[in-house]
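Everything on this sheet refers to the single structure shown next.
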Amino acid sequence: MNRVDRWRASIPGFGPPVERRSAGRAPAPPADPVRERLASEGVALTAQVLGGGLKFLVSAAATTILLYFLLASEHWVLSRCIELLPHRPRLRAMVLGGLRAAQRDISRYVASVTAINIGMGLVVAGTMWIVDLPNPGLWGALAGLLNFIPYLGPLIMCGLLLAASLASSLADAGFAAMAAPVLAYLCIHGIESNFVTPMVIGKRLSMNPLSVLLSVMFWGWLWGVAGAVLAVPLLICLRSISQRNRHMRPVAVYLRGSDRPCPSLSALLRPAPSPAAATSTTASPSAPPATSLNGPAAAARPDALEQHRP
């Protein structure tokens with residue numbers, strides 16, 4: 001091999017491949033290690049996002065198919081649930097009424113949340129276009145879809161926006177431009193969760209935040225994305241049924257939201273009134289009317305006593 005290389009080098013203009021390629025060119029500038037690392041991490045992040053997006057699409061398709069079959073077989077599911085109960089008309093009527101109330105509450109919740117999330121997706125898309133983030137329509141659609149998952153969805157959206165800001169050209173424009181998408185989304189989500197959603201849904205469907213978070217974590221762990229999306233409707237169904245059963249009233253009290261202020265701890269530690277005192281209070285809710293020497297007419301006119309005073 002050394003003899004062949006010497007022959008190749010002796011021929012004019014026919015040097016080694018590496019020397020021939022580098023002849024007549026300026027030396028390449030040294031590569032920036034920070035940019036190379038960001039590029040490699042951006043490729044890895046893109047692969048992870050695509051893999052997670054594929055899983056999300058599969059779970060969303062499975063959730064849609066499940067909801068379709070549940071809606072298509074609504075009468076069959078209700079009739080089988082009632083048929084499994086003991087043959088007591090009062091019990092069956094109570095369970096059927098609870099299921100119907102749960103259907104109304106869930107339909108109202110899903111319709112309201114869907115309208116809110118569509119509007120939020122449009123607002124987020126417009127905001128991302130203003131802050132020059134690439135693909136604003138994609139981020140608006142992701143914001144609307146992830147907002148169906150309480151608490152965890154907005155956190156995932158913030159992480160995705162931060163990663164997109166680091167991988168895009170906004171990272172070269174400074175810290176303010178890089179943090180603008182995340183801060184804008186947090187402002188939009190704060191307005192939506194604190195003002196728009198309570199005003200649209202109302203206090204009738206308000207839930208305990210701790211119970212909502214536990215439900216999302218449990219059903220998300222059990223069913224994935226489908227469980228996280230269906231966590232709140234299942235919780236509303238449980239609350240509607242427990243409100244009609246006196247043995248399950250404590251569950252309904254715990255799941256209830258902040259529609260009325262909680263009593264103080266000192267008021268909860270006071271002894272309960274006895275039944276006799278409660279009966280006497282109910283029998284005489286107010287004090288007897290004042291009487292005077294002049295009879296009922298003087299009691300009816302408060303100024304009658306003033307006339308007889310010295």
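In the UniProt record's numbering, the protein residues as written are 1 to 310.
Here a beta-carbon is modelled for each residue, glycine too, at the ideal position from N, C-alpha and C.
Computed from a predicted structure; not experimentally measured.
In this structure, the straight-line span from the alpha carbon of SER215 to that of VAL232 is close to 7 Å. For ARG88, the three-state secondary structure derived from DSSP is coil. Judged by beta-carbon spacing, VAL212 lies beyond the 9 Å limit of PHE148, meaning their Cβ atoms are not closer than that value. Relative to ARG90, the option among LEU255, ARG244, GLY51 and ALA252 whose CA is nearest is ARG244.
In the DSSP assignment, the residues bridged to MET207 are ARG256. The DSSP-derived three-state label of PRO134 is coil. Contact holds between the stretch 127-137 and the stretch 163-176, because three or more Cβ pairs, one in each stretch, are under 8 Å apart. In the three-state reduction of the DSSP assignment, CYS262 falls in the coil class, being assigned neither a helical nor a strand state. Looking only at LEU162, TRP223 and LEU183, the smallest Cα-Cα distance to ALA62 is reached by TRP223.
For PHE148, there is no enclosing alpha helix (DSSP H), as DSSP marks it with neither H nor E. In the displayed model, ASN245 falls within coil according to three-state DSSP, outside both helix and strand.
Apart from sequence neighbours up to five positions away, the residues of its chain that approach GLY98 with a beta-carbon distance below 7 Å are SER240, ILE241 and ARG244, ordered along the chain.
Using a Cβ distance threshold of 9 Å, PRO154 and TYR185 count as a contacting pair. Annotated as distal: ILE188 and THR114, with beta-carbon spacing of 9 Å or more. VAL200 is the residue among PRO263, PHE218, VAL200 and HIS247 whose C-alpha sits nearest the C-alpha of GLY119. Counting along the chain, the unbroken alpha helix (DSSP H) around VAL182 starts and ends at 175-191. Rounded to whole angstroms, VAL124 and PHE175 show a C-alpha spacing of 20 Å.
Looking from the CA of GLN103, the closest CA among VAL253, LEU235 and ARG249 belongs to LEU235. Scanning its chain for C-beta atoms nearer than 8 Å, with the 5 sequence neighbours on each side dropped, one finds around ILE116 the residues ASN147, GLU192, VAL196, THR197 and VAL200, in chain order.
If you check the CB distance, LEU85 and VAL95 come in under 9 Å. PRO233 sits in a helix when the DSSP states are folded into three classes. Counting C-beta atoms within 10 angstroms of its own C-beta, LEU160 has 16 or more neighbours from the protein chains shown and is therefore classed as buried. Annotation for SER79: the continuous alpha helix (DSSP H) segment containing it runs 74-83. For the pair LEU205 and ASP105, the CB atoms are nearer than the 9 Å cut-off. For PRO198, the enclosing alpha helix (DSSP H) begins and ends at 197-201.
A residue is called buried once 16 or more other Cβ atoms fall within 10 Å of its Cβ, and TRP219 is buried on that count. LEU238 and ASP172 have their C-alpha atoms some 51 Å from each other. In the three-state scheme derived from DSSP, where H, G and I count as helix and E and B as strand, PRO250 is classed as helix. Close CB contacts of ALA101 within its chain, under the 7 Å cut and outside five residues either way in sequence, are with SER240 (chain order).
A check of alpha carbon separations from PRO209 across MET248, LEU142, TYR151 and PRO271 identifies TYR151 as the nearest.
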